[in-house]
Amino acid sequence: MDSISETATQMNMFGGDWTLQKLEALRKYLNAYTTVLKNKPSRDNRFSLIYVDAFAGTGRVDLRDTQEAEDKSPLFPGWDETTRAEVNEFLDGSAVIAMEVTDRSFDRLLLIDIDADKVEDLRNVVEEREDSSRVQVIHGDANGEVEQFCKSMNGMDRAVVFLDPFGTQVSWSTVEALADSQKCDVWILYPAITLARLLPLDRKPQLPSRINTLNRVFGGKEWESLYYSSGQVQFIGEEEEMVRNAGIDEIVGLYSQKMQRVFAEVAPTRRTLRNSKGSPLYELVFAAGNPNGAPIAVDIAKHILQSL
Numbered sequence: 311m312d313s314i315s316e317t318a319t320q321m322n323m324f325g326g327d328w329t330l331q332k333l334e335a336l337r338k339y340l341n342a343y344t345t346v347l348k349n350k351p352s353r354d355n356r357f358s359l360i361y362v363d364a365f366a367g368t369g370r371v372d373l374r375d376t377q378e379a380e381d382k383s384p385l386f387p388g389w390d391e392t393t394r395a396e397v398n399e400f401l402d403g404s405a406v407i408a409m410e411v412t413d414r415s416f417d418r419l420l421l422i423d424i425d426a427d428k429v430e431d432l433r434n435v436v437e438e439r440e441d442s443s444r445v446q447v448i449h450g451d452a453n454g455e456v457e458q459f460c461k462s463m464n465g466m467d468r469a470v471v472f473l474d475p476f477g478t479q480v481s482w483s484t485v486e487a488l489a490d491s492q493k494c495d496v497w498i499l500y501p502a503i504t505l506a507r508l509l510p511l512d513r514k515p516q517l518p519s520r521i522n523t524l525n526r527v528f529g530g531k532e533w534e535s536l537y538y539s540s541g542q543v544q545f546i547g548e549e550e551e552m553v554r555n556a557g558i559d560e561i562v563g564l565y566s567q568k569m570q571r572v573f574a575e576v577a578p579t580r581r582t583l584r585n586s587k588g589s590p591l592y593e594l595v596f597a598a599g600n601p602n603g604a605p606i607a608v609d610i611a612k613h614i615l616q617s618l
């Protein structure tokens with residue numbers, strides 16, 4: 311049984327249909343991307359194709375041992391055990407999928423994770439492969455490593471970057487660096503439910519730590535536009551209470567609009583990812599960085615997203 315089929319079988323054991331969809335979306339795009347750029351710009355002078363996985367995990371996960379997986383998953387408090395198992399499986403599977411692209415294999419793969427134990431396990435997975443020399447496993451912070459990668463790219467480099475955080479780890483500065491490079495196609499799992507929980511319905515966030523997190527993720531205070539004055543005050547002399555009616559669609563839409571201002575093009579279709587209980591977890595969003603390649607890249611991504 312190949313690794314993708316094995317992954318699908320394991321996920322189905324836990325009802326992780328949304329996870330299977332995302333793995334399939336990634337696999338389909340990576341295969342299409344490498345095929346389209348197979349001999350570009352010319353057969354004798356090809357682009358160097360790079361895959362970057364910013365939250366690569368271990369490369370593989372044994373879902374039969376779900377308790378250990380849950381203990382190591384820094385997920386948002388309140389998520390149930392089913393969600394924890396599903397999210398962990400998906401994140402740990404993405405790096406292996408990229409290594410198994412074969413029509414035109416990636417010239418380099420950068421697999422990043424901040425968890426030292428996961429990095430050690432991932433290195434063991436990579437070392438088992440005959441083509442391990444093209445894979446670099448990095449123990450480090452996703453934001454810093456991705457931004458450094460963008461600075462290091464040359465004119466013949468082209469990359470697919472997969473940002474699949476557990477929560478709010480991805481800073482806007484990282485997204486902006488990817489867009490500014492004009493060499494990266496980016497798949498982002500936007501943490502919709504986590505951000506919704508950071509944005510209470512009945513009041514505007516007050517804690518400095520929460521405000522700083524929102525500013526970092528949104529790259530500014532755009533999130534404040536989700537709130538409006540209720541016209542009510544709790545005590546005489548206090549300011550009117552600020553409330554939020556905007557739902558997850560509006561939260562994600564605000565982020566997507568900002569992405570459209572920095573990337574060459576953003577896929578008009580995005581996909582809500584739900585766990586087996588129907589609760590929304592993420593929004594899967596695609597953006598293309600290179601102006602010349604953006605139309606075909608977005609067309610491919612749109613077709614994939616619509617087919618999920």
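With our numbering applied, the sequence shown covers 311 to 618.
Cβ coordinates follow ideal geometry from the N, Cα and C atoms, glycine included.
Counting C-beta atoms within 10 angstroms of its own C-beta, T345 has fewer than 16 neighbours from the protein chains shown and is therefore classed as exposed. Per DSSP, T412 has no beta bridge partner at all.
Ranked by Cα distance from N453, the options M466, V470, I422, R468 are led by I422.
As a beta-bridge residue in DSSP terms, S539 pairs with M552.
Note that the C-beta distance between L615 and F596 is below 9 Å.
Around the beta carbon of E430, a 10 Å sphere encloses fewer than 16 other beta carbons of the protein chains shown; the residue is thus reported as exposed. Close CB contacts of L511 within its chain, under the 8 Å cut and outside five residues either way in sequence, are with V553, R554, N555 (chain order). P605: member of the alpha helix (DSSP H) spanning 604-617, first to last residue. Judged by DSSP secondary structure, E455 falls within the alpha helix (DSSP H) whose first and last residues are 452-462. Non-local beta-carbon contacts of R356 in its own chain, meaning distances under 7 Å to residues more than five positions away in sequence, involve N349, K350 in chain order.
Between Y361 and L419, the beta carbon gap of about 5 Å places them in contact (Cβ cut-off 8 Å).
Residue burial is scored here from C-beta neighbours: R468 has at least 16 other C-beta atoms within 10 angstroms and is therefore classed as buried. Under the three-state reduction of DSSP output, V346 falls in the helix class. Secondary-structure assignment with DSSP links E593 through a beta bridge to Y500, T582. Where I521 is concerned, the enclosing alpha helix (DSSP H) starts and stops at 518-528. If you compare the alpha carbons of M466, R526, K514, A611 with that of S352, the shortest gap goes to M466. With 16 or more other Cβ atoms inside 10 Å of its own Cβ, Q331 counts as buried. Straight across, the Cα-Cα distance linking E455 with D559 is about 30 Å. Spanning the alpha carbons of D417 and S483 requires a straight line of approximately 26 Å. Ranked by how close their Cα comes to the Cα of A502, the residues D495, R580, P601 have R580 in first place.
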